[in-house]
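These notes are about the structure you will find just below.
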Amino acid sequence: MQSAIRVALRRGNMGSATFARHTCRRFAQRLRPLVLVGALAFVCQPKAVAVLLLGTGDPAANTNAPTGDLAGSGWQYQGRFGDFMGTAIAPSFFITAKHVGWAGPVFTFHGVDYDVVERFDDRWTDLTIWRVSGILPTFAPLYPREDEAGQHLVVIGRGSERGSDVLKEGVLRGWTWGAQTHLQRWGENAVSRIAYAGTEKQFLYAAFDAAGGPNEAHLSAGDSGGAVFLNDGGTWKLAGINSAVDGPFYAAETRESRFDGALTDVNGFYASNDGGRSFYPYASAAPRPSGFFAARISSRRQWIYSVVDPAGDLDRDGISNLLEYAFDLAPEQPDAGGLPQFSIENGAPTLIYRQMTTARELRYTVEKSTDLRTWEPANAEEESIDWVDYLETFKVTLPAASSGRVSLRVVVTKQ
Ligand SMILES: [Ca+2]
Ligand SMILES: [Ca+2]
């Protein structure tokens, strides 16, 4: 896949970049991938369990598409991928959690089996896009903005029942993970905050609050690949892929007391960073619910569009989806800046452009032409002039002797 953008011969400075700055923060929680794992994270032993509800342990609860205000909130975009789930996101693509791996030969969507034919792992997050043979009849729009915190959500997973009560000094704190029934179930929650495990690896985090409504939902092993939807001005859009939960927990300072569960308050229980050799207590003054992590779609949507339709132009601004990704632009709307900028400095033609340092699959090549028909490598001096998070800005300078008409362009090649 190759795409090129020609830069107009005009003076000007680099437009105002509108990218969000992402700050690396340490991941405070212990993450529990939503498949059962060995000592190392993401060693996959698929075992499907599901959305647990605060208000009821009824195994049949919320196992049909939601209605009323929640009608159309993502249930219609869900398919089955082995014991797990995937969400249709393009005519021949679905997205799921990377750590579930190859879960089966087909994606079953609206009762039809589609052969799974190609895999695209996200290098940075727990997302994998799979291509299927054939055309899926419908697919989910992607949530387009990084403003998810505080929003109400609908989460869908494949399911189990609530397990046994977890009590602390006689008070109900939640439930262990229960019997696995592989039923698809939906629940509700809210995005408590965005959790970061590095610049690119971002999650929507939702806490299992005791004050939540009856549909307040938590996740458990096997909900991996299920989906979180947010309502964007009346349209439900895919915002997250179920990835991990807090845990495991220890009832006492013993390895044998380990359990997994959905807890509205973890205080009084213990955590361990070394598999049960040493422990520390949860002991905050306020109730501290456990929660789940969904791989964030909005921060990876450029990559997603570059996979499912690289030559397409979603916002019809003349910039292909691949180039929107390459230059960190908004695939859904025309951008005010961020494109390569040509100028003349002290008689020397220069080009300033940005690279996504995290897009290791992209190759950026600067080319020059004197007639806009024949292009050749610029072979010019290139220096890095700025680097903020995942965006590095380069300045390419041709010798001042390059007189006459000359054009420069950046060719982006996807490997
Ligand atoms: Ca575009
Ligand atoms: Ca755009």
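Counting in this note's numbering, the sequence shown runs from 774 upward without gaps.
Positions of the beta carbon are idealized from the N, C-alpha and C atoms, including for glycine.
These numbers come from a predicted model, not from an experiment.
Using CA atoms only, rank isn't needed, just tell me which of L1135, P839, K941 and F867 is closest to I908. F867
Report the rounded CA-to-CA distance for F1065 versus Q975, giving the unit in angstroms. 13 Å
C-alpha distance - E1097 paired with P1104, whole-angstrom precision: 6 Å
Helix, strand or coil for H872 per DSSP? helix
Could you spell out where the alpha helix (DSSP H) holding Q1075 opens and where it closes? R1074 to V1081
Delimiting residues of the beta strand (DSSP E) encompassing E1140: L1135 to S1142
Please name the residue or residues paired with I1117 in a DSSP beta bridge. P1122
Simplified DSSP state of N1094, which is helix, strand or coil: helix
S1180 lies in the beta strand (DSSP E); which residues open and close that run? S1180 to K1187
Coil, strand or helix - W897 by DSSP: coil
Rounded Cβ spacing between D1090 and A863 (contact assumed at less than 8 Å): In fact, because the Cβ distance is near 19 Å, the residues do not count as touching under 8 Å.
Contact under 7 Å by Cβ, R1031 with N835: no
Taking DSSP as the reference, what is the three-state secondary structure of E1155? strand
Among the residues of its own chain, which have a CB less than 6 Å from the CB of R853, if the five just before and after it don't count? T881
What beta strand (DSSP E) runs, 3 residues minimum, are completely inside the segment 924 to 991? 925 to 941, 944 to 963, 966 to 969 and 975 to 980
Could you give the C-beta distance for F1022 and V1039, rounded to a whole number, given that I count them as a contact under 8 Å? 6 Å
How about A1103: is its Cβ closer than 6 Å to a heavy atom in ligand 2? yes
Going by other Cβ atoms of all chains shown within 10 Å of its Cβ, with 16 needed for buried, is V1139 buried or exposed? buried
Are at least three pairs of beta-carbons, each pair with one atom in the segment 888 to 902 and one in the segment 921 to 933, less than 8 Å apart? no
The beta strand (DSSP E) spanning W1009 covers which residue range? T1008 to D1019
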